[in-house]
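These notes concern the structure reproduced below.
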Amino acid sequence: MADNVQKEIISIVSDVTGFEPEEISLESNFYDDLEVDSIKAIEIAVAIEKRFKVTVRDEEIPNITTVKQAVDIVEKLLEEKDEHVQA
Amino acid sequence: MSEINNILITGIGVISPIGEGKDEYWGALRTGRSGFREITLFDTSDFNVKIGGEITDFDPLKYIHKRHLRVLDRSTRLLIAAARLSLEDAGLTITDENTYSIGVSAGATFGSLHSISQFDREGLIEGPKYVNPSFFPNTVINSPASQVSIMFKIKGFNTTISTGFCASLDALIYAADFIRLGRADVVLVGGVEELCEETFMGFYRLGLLSGSKGSPPGCKPYDKNRDGLILSEAASVLVLESEEHARKRDAQPYARILSYSNAFCPQKPGMFTSGDGLKKAIIQAIERASIDYEDIGFISSCANGGIELDKMEAETIAEIFGNKIPASSIKSMIGETYSASGAMALSAATGAIHLGFIPATVNTEEPEYPINIIKEGIENVEIHNVLVVSSDPYGNNSAVIIGNI
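Protein chains in written order, with the working numbering: chain R, 59 to 145; chain C, 3 to 407.
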């Protein structure tokens with residue numbers, strides 16, 4: 059699951075930024091390494107929300123600076139969603 | 003403050019249905035090649051008219067890195083490509099030192115229509131929360147000019163002028179004033195329009211397109227049998243530069259701005275604009291250039307095959323010049339590129355001065371008006387000055403005179 063989330067997020071980031079997936083790692087910084095600006099940050103968030111059917115809070119977006127942070131947040135949101143469904 | 007005639011044209015970039023880059027463009031104009039073809043950009047099955055001036059072989063990756071390309075719409079890609087060509091042609095490098103004295107002034111009016119429509123469609127289908135924010139900047143009309151500044155790191159002024167047919171001549175006038183007042187050394191002056199279903203439908207529904215009533219389409223400026231325009235797309239950018247700046251960097255200028263003027267002539271309800279505004283703009287431009295009427299090598303006209311516009315322009319030219327001065331409309335080859343048309347005409351006129359030719363008005367067979375319409379191109383002719391004019395149905399009129407070096 060974790061691998062899939064990571065792969066799909068890297069794929070989304072690649073689509074939005076134009077960097078090849080091989081150029082993107084968990085440590086990549088959106089702003090310093092991948093030329094992400096405020097509009098692209100929202101585009102990535104919207105694409106993630108659509109793909110994983112989760113909601114990322116707008117105020118959280120500026121705090122997500124690396125790919126790893128994005129993966130962690132999505133995994134957390136997916137876990138919460140699962141718990142919610144099971145409950 | 004510099005004089006108007008101390009402003010030079012030192013670079014040309016063109017992306018058009020008849021060629022990419024100034025050499026191809028000038029070459030096509032000299033051979034009278036037209037750029038009309040069946041439209042592939044959108045489905046024309048619901049229209050009687052199926053042809054337009056579509057640019058078919060444009061590869062934006064030649065001009066824009068793929069990382070930046072994805073979110074840029076067609077208008078923006080075309081203008082950036084033309085800007086890159088113009089900078090290369092001028093041999094101008096933008097640096098941290100000169101960037102604040104370089105500006106961008108572009109004409110664009112309908113360029114965002116397709117992007118607005120697409121953005122709206124996504125919002126209606128997916129919901130407002132899921133619209134792609136990266137496509138939002140394309141929905142504003144100053145996007146192409148702004149993206150040019152972003153792409154080339156140009157930090158002087160950035161302006162978009164949306165006066166329809168006159169937009170890019172007005173953009174030149176605006177830019178030349180900046181240089182004349184010492185607020186810029188160099189300005190990238192241009193215009194752009196893309197061919198899209200939304201604009202096409204607007205012109206079609208207004209009955210302005212040639213062939214919309216069933217006859218075979220053809221752009222025939224001033225012809226007795228003309229029945230409308232052919233909609234087209236293009237971008238052109240000219241590098242305008244103060245003579246002092248051009249000399250310092252040893253630039254090779256093609257032509258000189260001699261003068262310009264524009265005049266608004268309000269349209270009366272239900273009537274086409276009169277020629278009073280165009281007449282005023284032309285006469286003022288000639289007076290400001292301090293030349294005689296006979297010194298004009300040819301008039302680059304804005305006739306597009308439209309019934310009323312051609313009539314108004316021809317009658318105005320006849321009133322001012324009689325049939326003495328040759329008049330030619332390149333729209334017979336490139337079609338109506340609307341806000342780009344002034345920049346396309348300026349680029350053509352620059353080539354005419356530089357290489358010594360007068361382009362043909364290719365499809366005109368039976369001129370309706372007593373003016374000197376050039377039906378076949380003229381070669382090996384020394385052109386000292388060209389009067390470039392634009393008018394629109396609603397009262398805008400612009401005139402620019404460029405001269406040899």
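Don't be surprised by glycine CBs; every beta carbon is placed ideally from N, CA and C.
When the distance is taken between beta carbons, is P146/C closer than 7 Å to A177/C?
Against a cut-off of 7 Å, the Cβ pair of P146/C and A177/C comes out as no contact.
When the Cβ atoms of the segment 358–370 of chain C are set against those of the segment 58–74 of chain C, are three or more pairs found closer than 8 Å?
no
Take I41/C and list the residues in its own chain whose beta-carbon comes closer than 8 Å to its own, dropping the five residues that flank it on each side.
K52, I53, G54, E56, L197, F202
Under 9 Å Cβ-Cβ, which residues of chain R neighbour K68/C?
G76
Identify the contact partners of R72/C in chain R, using a Cβ-Cβ distance below 7 Å as the criterion.
G76
Classify K155/C: buried if its beta carbon has 16 or more other beta carbons within 10 angstroms, exposed otherwise.
exposed
Distance, Cα to Cα, N100/C vs K157/C?
9 Å
Which whole-angstrom value describes the C-beta separation of L135/R and V104/R, a residue pair presumed to lie in contact below a C-beta threshold of 8 Å?
With a Cβ gap of about 14 Å, L135/R and V104/R do not count as contacting.
Confirm, please, whether the CB-CB distance from S400/C to D264/C is below 7 Å.
Per the sequence shown, the amino acid found at residue 264/C is Asn instead of Asp. Closer than 7 Å, so yes.
Flag this pair as touching only if the segment 277–297 of chain C and the segment 245–258 of chain C have three or more C-beta atom pairs under 8 Å; answer yes or no.
Taking a cut-off of 8 Å for Cβ pairs, the segment 277–297 of chain C and the segment 245–258 of chain C do not touch, as fewer than three such pairs fall below it.
Rank N387/C, L183/C, V106/C by C-alpha distance to the C-alpha of S292/C and give the top, closest one.
N387/C
Quick one: does I100/R have its CB under 7 Å from some CB of chain C?
yes
Once you ignore the five residues that flank A316/C on each side, which residues in its own chain have a CB closer than 6 Å to its CB?
Y224, Y371, I373
Rounded to whole angstroms, what's the CA-CA distance from G299/C to T318/C? Just pull it up for me.
18 Å
Quick one: which unbroken beta strand (DSSP E) runs of 3-plus residues sit fully inside the segment 289–346 of chain C? Chain order, please.
300–302, 328–330, all fully within the segment 289–346 of chain C.
Check the Cβ-Cβ distances between N134/C and every residue of chain R, and say whether any is below 7 Å.
yes
For chain C, find out if any of its Cβ atoms is closer than 7 Å to the Cβ of V104/R; answer yes or no.
yes
Would you mind sorting G184/C into buried or exposed? The rule is 16 or more other CB atoms within 10 Å of its CB.
Burial call: exposed.
Work out the CA separation of L84/R and F205/C for me, nearest whole Å.
Rounded to whole angstroms, F205/C to L84/R spans 51 Å at the Cα level.
Is I14/C near L240/C, with beta carbons less than 7 Å apart?
yes
Using only the alpha-carbon positions, how far apart do I232/C and C221/C sit?
6 Å
Give the residues of chain D in contact with K108/R, contact being defined as C-beta atoms less than 7 Å apart.
The chain inventory of the structure shown lacks chain D, comprising the protein chains R and C.
Keeping to the same chain, check which residues put their C-beta closer than 8 Å to that of T124/R; ignore five residues upstream and five downstream.
L84, E85, S86, N87, F88
Just mark I152/C as buried or exposed, buried being the case when its beta carbon has 16 or more other beta carbons within 10 Å.
Around the C-beta of I152/C, fewer than 16 other C-beta atoms lie within 10 Å, and the residue is accordingly described as exposed.
Excluding the five sequence neighbours on either side, which residues of its own chain have a C-beta within less than 8 Å of the C-beta of R79/C, listed in chain order?
F60, P62, Y65, I66, L71
What did DSSP end up calling I6/C once you bin it into helix, strand or coil?
helix
For a quick check, are the C-beta atoms of V63/R and V114/R less than 7 Å apart?
Not closer than 7 Å, so no.
Note down the Cα distance separating G23/C from T339/C, rounded to an integer number of angstroms.
17 Å
Tell me the DSSP bridge mates of V189/C?
G105/C, L242/C
What residue does the beta strand (DSSP E) around S164/C start on, and which one ends it?
Element bounds for S164/C: n/a, residue is neither H nor E.
I97/R CB to nearest chain C CB: under 7 Å?
Under the 7 Å criterion on CB atoms, I97/R is classed as interfacial with respect to chain C.
When the Cα of A342/C is compared with those of L389/C, L210/C, L174/C, which residue comes out closest?
L174/C
With E195/C and F137/C assumed to form a contact (beta carbons below 8 Å), what rounded beta-carbon distance in angstroms separates them?
Not a contact, Cβ separation roughly 19 Å.
Between R228/C and S261/C, is the Cβ-Cβ spacing less than 7 Å?
no
Indicate the three-state DSSP secondary structure (helix, strand or coil) for E195/C in the structure shown.
strand
What's the gap between the Cα of E384/C and the Cα of H116/C?
43 Å
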